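Student: Sharing a structure with you now.
Residue numbers (the UniProt record's numbering): 1 to 838.
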């Protein structure tokens, strides 16, 4: 029998868990048994994704895979077991319940604690830190009490404008609390962004309704009957129902200090590059470790330290090298990324900056003095280039620096840059130290898809930001990619459509049980919901299907950037009666909504609270109007000119045709939104060729155009058939739409789909019935037309569905405080909306 040694791990966070996994996976001889002592009651969870907990409040969804070490008798986890002392001489640790545990190797993975500045009043009951699941539960409770007491005037203060502080502000915003961010530095995210990047970020976040106070400290916090009064350094005060400290972290090195271990001058357990302390058998990893005197507060370096110690315990000589301090996140809907020498600290370095005020993006590259080597960079507003740029840090530039900022190409005509531009040694996954060479070796060894690469190399299994590059690399290496919808379904969207149609499975749970695996994700759930809706499964909020919808479909309204909703009743073809105009005006007046005539010839009402939606819908439905489906991946509008009724050039009745088409296809769910236009003559006043389906009158009938859109890549629709009579036109549109709905990928507009299918093949299928499916397509559309019902009306008639429409479950009568307006130039707009010059 092989003698075993005993490793004790203090801390069961992300890094501690990684250490246990690394040690056990490499220790094939079983020479180590491990005891994990966890202070929290929760097993290891994704602390980087902590804010995601506020979306679902299910702790299990943040659990790290394998955190229970099921089936491994060599690992024991003790939850709620706080270590109170270390005796290096006796090689034991003592826990809060008095137990003594001996060790051969002690691994300190105690992480950090939130720094709370010694502001008078910092210990009031409404003051919290933003660190654990329990912290978020407490913050939510205080936020709910603040809203119940102050309604739309409820406010919260976040002290700290770094990454965590902005996440905390977003959480408060989600709770219905007006958030104030207080940052002593002159800009937000001062450690990651320069002045220009920080200024753009502040402007974008302010527009979301979050108040930002930079260059000012917090003087004191005083108790009030409603919570606390926060006084800033410049004398201003904020009445707050909840206060969150997110002013940085401090290594939890108190155990080491008390045991006499050396600590770094700024805190942290002092270790060498092997993560070993001066005391034999004691190591430190993660945020508590001051490796060669420096602490690292990111998960990537933490994982590296865990791997180093696992290697050392098994007789290796691994060392901690250069840490990747790059960060990327989507914060409050804003892309932010920082990598390498972002601040340009390298002597004589050069900077290439693109500051696009129109598109609200900022990008900076820091280059060596000879402009040959990429040293770092900053991206705000659009971080799509991050995956390619970060691995290039320290590498010779493969081309024009401007092309690096615009991977699709540059104004200078430089060819697009891709993953092929990276050297073999470029680090694709910084969290797990995986290079391009590691990945190409894995591909050569048989890995043929992203899941296989992740399993083989661990790339993409942590923060996930490198996953798009994995797919690009597979394609660059000539590996044909699976069309699987996601990891839960090996089938494509089109194949799932056929399965649902053939089996008549009507629930997501039934589909995933029979044809998939796991519990589903944010990719497959909305897709299946769309397919079920497209195949006539009744109201989209019926039963299990309600939980599959995204925010817009869940509330049958479009959420706006300030958290309010817009209401868009249907106005077929732009044809509206005076009574309906008056009705919309009265509703907008009575509910204090902002009105806007949209480009789709209808009237949008902005600023409605969730709890107001049913009351607004009821008045619209009673007045003879219905849902315009502005929130759905479905038909939006059919735009029309005035046609032959009024225009002297009109050749056909475009208004009536637009009305007929809109009423026929209303509510039709599809892979993406659909827009149509009907022009009464070739002068094209309805801009039909910019639509997914465009109809233009001729002297003898109608020309049918398909595949146009005005999206990110505008595309003119192409002529599918000409001089059609009314009946043939409708038949061809029926076939076109059903063919698109059945075969397009998720979130694929008709424009790229038509390019993918090919116009000639499309003409053969739609006009010539080459696949023999025309009758089936027309029958499916007929079922849709016969089964259509207004979704707003369906909610009003069902008490269970109505119960969802409250601003706060624990305070259903409290209005949503995120809806606040200001008067500007004679019109009401949400506070924070940018002022646009003319």
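Backbone N, C-alpha and C fix where the C-beta goes; we use that ideal spot for every residue, glycine too.
Note that the structure is a prediction, hence the values are computed from the model and not measured.
Using 8 Å as the threshold, is the stretch 368-379 in touch with the stretch 337-349, meaning 3 or more CB pairs across them?
Tutor: With the cut-off at 8 Å, the stretch 368-379 and the stretch 337-349 touch.
Student: In whole angstroms, give me the CA-to-CA distance for residue 229 and residue 168.
Tutor: Cα-Cα distance, rounded: 19 Å.
Student: Under 8 Å by Cβ, that's how I've got residue 317 and residue 22 pegged, so tell me the actual separation to the nearest angstrom.
Tutor: That belief does not hold up - the Cβ atoms of residue 317 and residue 22 are roughly 15 Å apart, past 8 Å.
Student: Where does residue 345 fall in DSSP's three states?
Tutor: Residue 345: coil per DSSP, three-state reduction.
Student: What does the alpha-carbon distance come out to for the pair residue 613 and residue 492?
Tutor: So the two alpha carbons sit approximately 36 Å from each other.
Student: Can you grab the Cα-Cα spacing for the pair residue 852 / residue 483, in whole Å?
Tutor: Missing from the structure shown is residue 852; the chain here goes from 1 to 838 and no further.
Student: Is the beta carbon of residue 262 closer than 8 Å to that of residue 273?
Tutor: No, the pair does not count as a contact, with Cβ atoms beyond the cut-off.
Student: Mapping the DSSP letters down to three states, classify residue 753 as helix, strand or coil.
Tutor: If DSSP states are grouped into helix, strand and coil, residue 753 belongs with the helices.
Student: In chain order, what residues of the same chain have a beta carbon less than 8 Å from the beta carbon of residue 791, not counting five sequence neighbours either side?
Tutor: The residues are 539, 540, 541, 556, 627, 629 and 667.
Student: Looking only at C-alpha atoms, which of 558, 189 and 634 sits nearest to residue 610?
Tutor: Comparing Cα-Cα distances from residue 610 to each of 558, 189 and 634, the minimum goes to 558.
Student: For residue 683, which residues in the same chain have their Cβ closer than 7 Å to its Cβ, ignoring the five residues on either side in sequence?
Tutor: So the qualifying residues of the chain are 649.
Student: Count the other CB atoms, across all protein chains shown, that sit within 10 Å of the CB of residue 17; report buried if there are 16 or more and exposed otherwise.
Tutor: Buried is the call here.
Student: Taking only three categories from DSSP, how would you classify residue 251?
Tutor: Residue state, collapsed to three classes: strand.
Student: From which residue to which residue does the beta strand (DSSP E) around residue 355 run?
Tutor: Counting along the chain, the beta strand (DSSP E) containing residue 355 begins and ends at 350-356.
Student: Assign residue 412 to buried or exposed, taking buried as 16 or more other Cβ atoms, counted over all protein chains shown, within 10 Å of its Cβ.
Tutor: Bear in mind that the predicted position of residue 412 carries a pLDDT of just 39, short of 50, making it unreliable; the figure below should be weighed with that in mind. Exposed, because fewer than 16 other Cβ atoms sit within 10 Å of the Cβ of residue 412.
Student: Okay, do the stretch 156-173 and the stretch 182-197 touch, 3+ Cβ pairs below 8 Å being the bar?
Tutor: Touching, yes.
Student: Can you name, in chain order, every residue of its own chain whose Cβ lies under 6 Å from the Cβ of residue 696, other than the five neighbours on each side?
Tutor: Excluding residues within five positions, the ones whose Cβ falls inside 6 Å are 679, 688 and 703.
Student: Any chance the CB of residue 771 is under 7 Å from a heavy atom of the ligand HEM?
Tutor: Ligands displayed in this structure: none; no statement on the ligand HEM is therefore possible.
Student: Under 8 Å between the Cβ atoms of residue 793 and residue 568?
Tutor: No.
Student: What is the DSSP secondary structure of residue 17, reduced to helix, strand or coil?
Tutor: In the structure shown, residue 17 sits in a helix (DSSP, three-state: H, G or I).
Student: Could you check whether residue 233 and residue 248 sit closer than 8 Å to each other, using their CB atoms as the reference points?
Tutor: No, these two residues do not count as a Cβ contact at 8 Å.
Student: Going residue by residue through the stretch 213-279, where are the continuous alpha helix (DSSP H) segments of at least 4 residues, counting only ones entirely within it?
Tutor: Within the stretch 213-279, the complete alpha helix (DSSP H) runs of at least 4 residues are 254-258.
Student: Along the chain, where does the alpha helix (DSSP H) containing residue 359 start, and where does it finish?
Tutor: Here residue 359 belongs to no alpha helix (DSSP H), and DSSP marks it neither H nor E.
Student: Roughly how many angstroms separate the alpha carbons of residue 742 and residue 497, rounded to a whole number?
Tutor: Distance between the alpha carbons of residue 742 and residue 497 is about 6 Å.
Student: Going by Cα to Cα distance, which pick from 43, 59 and 655 is closest to residue 66?
Tutor: The shortest C-alpha separation from residue 66 is found at 43.
Student: On a Cα-Cα basis, can you pick out the residue from 290, 153, 68 and 87 that is closest to residue 259?
Tutor: Here the closest residue by C-alpha is 87.
Student: Straight-line CA distance for residue 74 to residue 312?
Tutor: Looking at the two C-alpha atoms, the distance is approximately 19 Å.
Student: For residue 549 versus residue 526, is the C-beta distance shorter than 8 Å?
Tutor: Yes. Within cutoff.
Student: Starting from the Cα of residue 279, find the closest Cα among 286, 285 and 270 and give me that residue.
Tutor: Minimum Cα distance to residue 279 is reached at 270.
Student: Straight-line CA distance for residue 467 to residue 446?
Tutor: Computed Cα separation, rounded: 18 Å.
Student: Go ahead and label residue 7 buried or exposed: buried means 16 or more other beta carbons lie within 10 angstroms of its beta carbon, across all protein chains shown.
Tutor: Per the 10 Å Cβ criterion, buried.
Student: Within a Cβ cutoff of 6 Å, which residues of the same chain sit near residue 673, ignoring the five residues on either side of it in sequence?
Tutor: Taken in chain order, the residues that qualify are 633 and 636.
Student: Taking the C-alpha atoms as reference points, what is the distance between residue 210 and residue 103?
Tutor: The straight-line gap from Cα to Cα measures roughly 50 Å.
Student: Any idea if residue 432 is buried or exposed, counting beta-carbon neighbours within 10 angstroms, 16 or more meaning buried?
Tutor: Buried is the call here.
Student: From this set, 128, 144, 170 and 295, which residue's C-alpha is nearest residue 110's C-alpha?
Tutor: If we check each option's Cα against that of residue 110, 295 comes out closest.
Student: Compute the Euclidean distance between the alpha carbons of residue 4 and residue 32, then round it to the nearest angstrom.
Tutor: C-alpha separation (whole angstroms): 5 Å.
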